[in-house]
Structure formats: C-alpha cells, structure tokens
Amino acid sequence: MKLNQAISRIVDLPNILEQYGIPSENVISVQYSDSAMINADILVHLHRKETIEKLGNCNVEKFIGYDDASWTQYRFDKDGISFVCCEREAIA
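Be aware that the sequence shown starts at 1, since it is given in full-length UniProt numbering, and climbs by one per residue.
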C-alpha cells in the first residue's frame, strides 16, 4: 500500500470504527509501515477483546511475552488494516 493510500484509510478510520460501534477512545495507537505486516500496512491497537470482537471473528494466538507472562493476541484483518488487541493471562 502506498503512503497516500494508507493516509486515506487512516482518515477513514473514524468512519470504520463508527460503523462497527467502536468508540475512538478504545484505540490505543495507529501505525503505518510499508509492507511491515503480512496482510496489512496499517496496524490499529485496540483496548479490549470485546472491542475487537465487534469487527467479526478474530484470529487468536497465544504467546509468551518478554516478562515470561502468557498473552493472547486477537487480530482482525480488513481492507489493508489489521486490528489487534493483546490481553495478559491472569496469574494463578
């Protein structure tokens, strides 16, 4: 995706969020990187799992963080935008 296309998508992001009933306050960050990600050049970090689930069925991946904590990543890719949310697993 070229930079001018990415800017257009980022500008349209509030409309996309509104369409799915996601308040803009639930966005942690928006990043652009040309070909940095497999399916998308725009990465949108969201706060909670419930927020990203409003978009549809998410890909779920578990991983161990740098602090040896277990995390779950929820990811939804749509039209060159990747929406991501990570939650730390509860410590027993």
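Glycine included, C-beta positions come from ideal geometry on N, C-alpha and C. Computed from a predicted structure; not experimentally measured.
- Ile52 to Tyr32, Cα distance in whole Å? Within the sequence shown, the letter at position 52 stands for residue 52. Within the sequence shown, the letter at position 32 stands for residue 32. Taking the straight line from one Cα to the other gives about 19 Å.
- For the 8 Å Cβ check, are there 3 or more pairs between the segment 58–74 and the segment 83–92? At 8 Å Cβ cutoff, the stretches touch.
- Message: Distance check for Asn15 and Asn26, CA to CA, integer angstroms please.
- Response: Your numbering for residue 26 matches position 26 in the sequence shown. Your numbering for residue 15 matches position 15 in the sequence shown. So the two alpha carbons sit approximately 14 Å from each other.
- Message: Going by DSSP, what residue range makes up the beta strand (DSSP E) through Asp77?
- Response: In the sequence shown, residue 77 corresponds to position 77, counting from 1. Where Asp77 is concerned, the enclosing beta strand (DSSP E) stretches over Ser70 to Lys78.
- Item | The beta strand (DSSP E) enclosing Lys62, as first and last residue numbers | As a working note, residue 62 is residue 62 in the sequence shown. Looking at the DSSP string, the run of the beta strand (DSSP E) that includes Lys62 is Asn59 to Ile64.
- Task: Provide the residue(s) that pair with Gln31 in DSSP beta bridges, ordered along the chain.
- Result: As a working note, residue 31 is residue 31 in the sequence shown. Beta-bridge pairing links Gln31 to Leu43.
- Do you know offhand how far Leu13's Cα is from Tyr20's? Counting from one through the sequence shown, the residue named residue 13 turns up at place 13. Counting from one through the sequence shown, the residue named residue 20 turns up at place 20. So the alpha carbons of these two residues sit roughly 11 Å apart.
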